[in-house]
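Just so we're aligned: the sequence shown equals residues 1 to 118 in full-length UniProt numbering. Glycine included, each C-beta is placed from N, C-alpha and C at the ideal position. Given the structure is predicted, the values throughout are model-derived calculations rather than measurements. First the structure, in the form of structure tokens, and then the observations on it.
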Amino acid sequence: GMKVILQFIPNHSSIQHECYSTPNEPGSAWSEVPVNEELWFLHQCTTGEPDLNYRNPSLIKEINGALQFWYSLGVDGFLLSEVSYLVEDLNKLNDQKAMINHPDNADVVKKILDFSGW
């Protein structure tokens with residue numbers, strides 16, 4: 001039979017979602033939150049897609065919960081996309097090109113997979 005594989009992008013959320021981190025000072029990779037000019041968020045993709053903070057330990061559980069939700073609906077697997085952008089170099093937050101392929105990205109993916117028991 002046919003298998004259903006979903007593309008899952010764990011790097012960022014939507015600007016409309018409430019759970020992205022309070023940002024630091026603005027730079028080239030930062031954008032203002034439209035409803036609050038005092039807040040800025042990091043984005044490595046589009047300005048409407050704030051990056052998630054994988055330095056927050058509870059994020060792995062939240063991501064896994066989202067994957068478990070889709071599994072419970074019968075999805076057979078996932079294509080994890082944009083994983084080369086999961087962890088940012090805190091010393092280069094204003095340089096979007098320098099943030100790709102952080103050495104900790106592989107560890108984050110492993111934690112997502114280990115936590116889920118797949």
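By the 10 Å Cβ neighbour count, where 16 or more other Cβ atoms means buried, how is residue i classified, buried or exposed?
| i | result |
| --- | --- |
| L86 | buried |
| L93 | buried |
| N11 | buried |
Distance, Cα to Cα, residue i vs residue j?
| i | j | result |
| --- | --- | --- |
| D114 | D95 | 31 Å |
| I63 | V75 | 16 Å |
| D51 | G1 | 36 Å |
| residue 120 | Q7 | With the chain represented from 1 up to 118, any question about residue 120 goes unanswered, as that position is not in the structure. |
| I100 | E49 | 16 Å |
Just tell me which of the options has its CA closest to the CA of residue i.
| i | options | result |
| --- | --- | --- |
| I5 | P50, S58, F78 and G74 | F78 |
| S81 | I9, G1, M2 and K3 | I9 |
| Q68 | E49, N56, I112 and L52 | I112 |
| V109 | Y54, G74, W70 and E49 | Y54 |
| P103 | K92, L52, N91 and S84 | S84 |
| D107 | I60, M99 and L90 | I60 |
| K3 | N101, A66, P57 and Y71 | Y71 |
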